[in-house]
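K.L.:
Going by our numbering, 294 is the number at position 223 of the sequence shown; the sequence numbering is gapless. Just so you know, even glycine gets a beta-carbon here, dropped at the ideal spot from N, CA and C.
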Amino acid sequence: MKPVALITGANKGIGLEIAHQLGKRGYRVILGARSTERGGAAAKVLQAEGIEAESIELDVTKAESIAKLPDFIRSKFGQLDVLINNAAILLDNDGPPPSATDPQVLRDTFETNFFGVFTVTQTVLPFLCQSPAGRIVNLSSSVASSTSILDPVSPLSEVISPAYQASKTAVNALTVLLAKEPAHTTIKVNSACPGPVKTDQNPKRGLLSLEEGADTPVWLATLPADGPNGGFFNSRKPVPW
Ligand SMILES: NC(=O)c1ccc[n+]([C@@H]2O[C@H](COP(=O)([O-])OP(=O)(O)OC[C@H]3O[C@@H](n4cnc5c(N)ncnc54)[C@H](OP(=O)(O)O)[C@@H]3O)[C@@H](O)[C@H]2O)c1
């Protein structure tokens, strides 16, 4: 059977392009979208290109929405091989200094960017464990690299989006912790930075195309058995933590 990939936040942007590229490689793709209409419209675009795509209403901040995933996967596909944790929000672009961050902004950001990633992963992990080559790709960002934040000559050290940066650093921690869990011997878990891609999240600083942004996540989703596990990559190269 063709492998199956679930991509969260796949109705637009990098998530939709990841689904597109995986679909072109023969994967059956499940597009998670918090709007049924937007998810359905995105699935139709892929289907028109001959890709096996289905959408599911999935809000990663809502437990009852996530809880519907196992039945959906079991009844429609019978397996899951790849999870792309792509859905995220950026509420504090050019935000205040870290010490002035609104705690509610921090909480809301973590609800989507961290707890969403954790809960979706925990929910579909049994399927990935049954796959001969389960792959989890967590969309992170180089602006969450503590090494770069502390490097005065790095342009990344000038970025001030404290809630977003902290949430993605937490996602990176989840990546390494899950990657080394002994029960997950056939699963690879990696973080991917897509680079500065022109999307609704990054309309001002975006330089790269969607195709370029999706490249590293798709590479990590399709790694061979001897590929890396527990790493953080941008342009297929390691990013310092
Ligand atoms: N663009 C960049 O330069 C850049 C750089 C580094 C990392 N990233 C990361 O790459 C990933 C994709 O970003 P993007 O630029 O493609 O962003 P985007 O265009 O803003 O798309 C974000 C997607 O996430 C969805 N989403 C947000 N909250 C959600 C929720 N609670 N439940 C389910 N879906 C939700 C959005 O759905 P709606 O359409 O319903 O809002 C949308 O489909 C993110 O993890 C982002 O942090 C992006």
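Would you kindly check if the distance between the Cβ of T293 and the Cβ of R305 is under 8 Å?
P.N.:
The sequence shown places Asn at residue 305, not Arg. Going by C-beta atoms, N305 is not nearer than 8 Å to T293.
K.L.:
I want to check one thing, is the minimum distance from the CB of T183 to the heavy atoms of ligand 1 below 7 Å?
P.N.:
Yes, the Cβ of T183 comes within 7 Å of a heavy atom of ligand 1.
K.L.:
So does R105 have its beta carbon nearer than 7 Å to some heavy atom of ligand 3?
P.N.:
In the structure shown, ligand 3 is absent; the only ligands present are ligand 1.
K.L.:
Beta carbon of K259, beta carbon of R206: below 8 Å?
P.N.:
Result yes, Cβ atoms of K259 and R206 sit closer than 8 Å.
K.L.:
Run the proximity test for P311: is its beta-carbon closer than 7 Å to any non-hydrogen atom belonging to ligand 1?
P.N.:
Outside the cutoff, so no.
K.L.:
I need the straight-line Cα distance from G62 to L154, nearest angstrom please.
P.N.:
There is no way to answer for residue 62, as the model of the chain reaches only from 72 to 312.
K.L.:
For ligand 1, any of its heavy atoms closer than 7 Å to the Cβ of G302?
P.N.:
Not so, every heavy atom of ligand 1 lies at least 7 Å from the Cβ.
K.L.:
Helix, strand or coil, according to DSSP, for S213 in the structure here?
P.N.:
Three-state DSSP puts S213 in a helix.
K.L.:
Tell me the DSSP secondary structure of A254 in three-state form.
P.N.:
Note: A254 maps to coil in three-state DSSP.
K.L.:
Does ligand 1 have even one heavy atom less than 7 Å from the beta-carbon of G243?
P.N.:
As written in the sequence, residue 243 is Asn, which differs from the Gly given in the question. Flag unset: Cβ of N243 not near ligand 1.
K.L.:
Is any heavy atom in ligand 1 found nearer than 7 Å to the beta carbon of S225?
P.N.:
No, Cβ of S225 sits at least 7 Å from all heavy atoms of ligand 1.
K.L.:
Am I right that G94 and I122 are in contact with their C-beta atoms under 8 Å? What's the rounded C-beta distance?
P.N.:
Contact holds; Cβ gap of about 3 Å.
K.L.:
What residues are listed by DSSP as bridge partners for A124?
P.N.:
The partner list for A124 (beta bridge, DSSP) reads V100.
K.L.:
Quick one: Cα of A263 to Cα of I137, how far?
P.N.:
Approximately 23 Å, taken between the alpha carbons.
K.L.:
Classify K239 as buried or exposed, calling it buried when 16 or more other Cβ atoms lie within 10 Å of its own Cβ.
P.N.:
The residue is buried, with at least 16 neighbouring Cβ atoms inside 10 Å.
K.L.:
What are the start and end residues of the alpha helix (DSSP H) that includes K259?
P.N.:
That residue, K259, is in no alpha helix (DSSP H); its beta strand (DSSP E) goes K259 to C264.
K.L.:
Taking the alpha-carbon of G86 as reference, which of E120, G149, D152 and A159 has the nearest alpha-carbon?
P.N.:
Of the candidates E120, G149, D152 and A159, the one whose C-alpha sits nearest the C-alpha of G86 is A159.
K.L.:
May I ask you to check if the CB of N24 is nearer than 7 Å to at least one heavy atom of ligand 1?
P.N.:
Outside the modelled stretch of the chain, which goes from 72 to 312, sits residue 24, for which no answer is possible.
K.L.:
Answer yes or no: do A76 and V100 have a C-beta to C-beta separation smaller than 8 Å?
P.N.:
For A76 and V100, yes; Cβs fall inside 8 Å.
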